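Here the structure is laid out as structure tokens; the discussion comes afterwards.
Residue numbers (UniProt numbering): 1 to 78.
See the structure below:
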């Protein structure tokens, strides 16, 4: 099982009962993820940039680490 660290940006939207993630965007670096999240922030209730561990064989993501947060975001670790 080969693992790699990848960077993603998730916008969040308000839904009945809380917040839900929108469409995930990939970034090539941590700084790039933070920059994309900052640029997306004015259009969303919340945006977060994460570093995640990705199993390169299955594509499964785990161990999200918050890099930057703008506004309200949901909890990915729950």
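Beta carbons are placed, not taken as given, at the ideal position from N, Cα and C, and that holds for glycine.
Here the structure is a predicted model, which is why all the values come from computation and not from measurement.
For the set 21, 61, 18, 37, the Cα lying nearest the Cα of residue 67 is the one of 37. Counted as a single uninterrupted DSSP element, the beta strand (DSSP E) harbouring residue 5 occupies residues 3-15. Residue 27 places its beta carbon less than 9 Å from that of residue 9. Residue 24 holds the alpha-carbon nearest to the alpha-carbon of residue 52 among 71, 72, 24, 44. Judged by their CB atoms, residue 43 and residue 11 are nearer to each other than the 9 Å cut-off.
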